[in-house]
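What the sequence shown shows, in the numbering used here, is residues 592 to 769, in sequence order. Glycine is no exception: its CB is placed at the ideal position from the N, C-alpha and C atoms. Data first, discussion second: the structure below is written as structure tokens.
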Amino acid sequence: MADPKPGTHFLNQAVGTPGPAQFYAYSHSGFSSLFPLRKSAMDYLGKPQWWEEGVEPVELELVGLDDIPDADLPKPDMLKIDIQGGELAVFQSGREKLNQATSVIPEVRFYRLYDDEPMWSRGDIELEEQGFVLHKLLFAKDTVVGNSRMGRMKSHAFKTQLNDGDAVYSRNRSLKHL
């Protein structure tokens with residue numbers, strides 16, 4: 592925030608489904624989320640060090656994307672969002688703000704790391720309903736998963752679990768319902 596680039600906006604607000612929420616601030620900031628991490632997911636991925644015991648949630652108040660005045664946050668041309676499972680709530684609370692956007696670039700989840708987090712398919716449906724179409728995946732991250740048959744698996748592709756990645760959604764101008 593000390594050296595903002597032109598066209599960027601920083602607000603001291605948490606966006607999602609409006610109302611009270613709990614935020615889990617993990618020591619690895621890349622895992623901090625409105626959703627608690629699943630120990631079973633960390634164990635399955637062979638990453639028990641990612642699990643933190645005793646993380647107490649912090650109470651906070653969420654605002655809907657559409658509730659932020661245009662003077663504070665104009666309607667975006669493009670939205671890049673990576674908030675560890677909270678993307679769907681932002682899309683749902685921002686239908687008006689996003690109605691002129693040309694693209695949305697969300698992080699998408701394929702393997703559930705958090706309790707109750709919405710998976711890729713739910714965000715995909717919401718964005719399609721808002722007039723976007725999946726253009727492409729920018730990248731997909733996977734993790735090697737150990738199992739009793741690892742030695743018999745010839746291909747590296749069978750030894751990994753697809754986790755998440757970034758997707759590009761473009762406005763589908765052929766849709767007339769918006």
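- [ ] Along the alpha helix (DSSP H) that carries arginine 713, what are the first and last residues, could you check?
- [x] That run of the alpha helix (DSSP H) goes 711-720.
Open item on the list: Measuring only the C-alpha atoms, how far is leucine 689 from glutamate 717?
Closed with: Distance between the alpha carbons of leucine 689 and glutamate 717: 12 Å.
- [ ] Sort Leu602, Pro660, Thr693, Gln675 by Cα distance to aspartate 706 and report the nearest one.
- [x] Closest option to aspartate 706, Cα to Cα, is Gln675.
Open item on the list: Less than 6 Å separating the Cβ of valine 735 from some heavy atom of the ligand ADP?
Closed with: With respect to the ligand ADP, the structure offers nothing, as it holds no ligand at all.
- [ ] With a 10 Å radius around its C-beta and 16 neighbouring C-beta atoms as the bar for buried, classify arginine 764 as buried or exposed.
- [x] Arginine 764 sits exposed, since fewer than 16 C-beta atoms from the chains shown fall within 10 Å of its C-beta.
- [ ] Identify whether glycine 590 lies in helix, strand or coil by the three-state DSSP scheme.
- [x] With the chain represented from 592 up to 769, any question about residue 590 goes unanswered, as that position is not in the structure.
- [ ] Decide if valine 695 is buried, meaning its Cβ has at least 16 other Cβ atoms within 10 Å, or exposed.
- [x] Counting Cβ neighbours within 10 Å, valine 695 comes out buried, since at least 16 surround it.
Task: Extent of the continuous alpha helix (DSSP H) to which aspartate 733 belongs - done: Aspartate 733 -> not in any alpha helix (DSSP H); beta strand (DSSP E) instead, spanning 723-735.
Task: Beta-carbon proximity list for lysine 671, same chain, < 6 Å, skipping 5 on both sides - done: Cβ neighbours of lysine 671 beyond the five flanking positions: Ile696.
Task: Of the listed residues Ser712, Met633, Arg713, nearest to threonine 734 (C-alpha basis) - done: The shortest C-alpha separation from threonine 734 is found at Met633.
Open item on the list: So, with DSSP's three-state summary, where would you put proline 697?
Closed with: Proline 697: strand per DSSP, three-state reduction.
Task: Beta-carbon proximity check, alanine 692 vs proline 660, cutoff 7 Å - done: For the pair alanine 692 and proline 660, the CB atoms are not nearer than the 7 Å cut-off.
TODO: Would you decide whether proline 611 is buried or exposed? Buried here means 16 or more other CB atoms lie within 10 Å of its CB.
DONE: Looking at its Cβ environment, which holds fewer than 16 other Cβ atoms inside 10 Å, proline 611 is exposed.
TODO: Could you check the C-alpha separation between phenylalanine 614 and glutamate 708 for me, to the nearest Å?
DONE: The straight-line gap separating the alpha-carbon atoms of phenylalanine 614 and glutamate 708 is approximately 13 Å.
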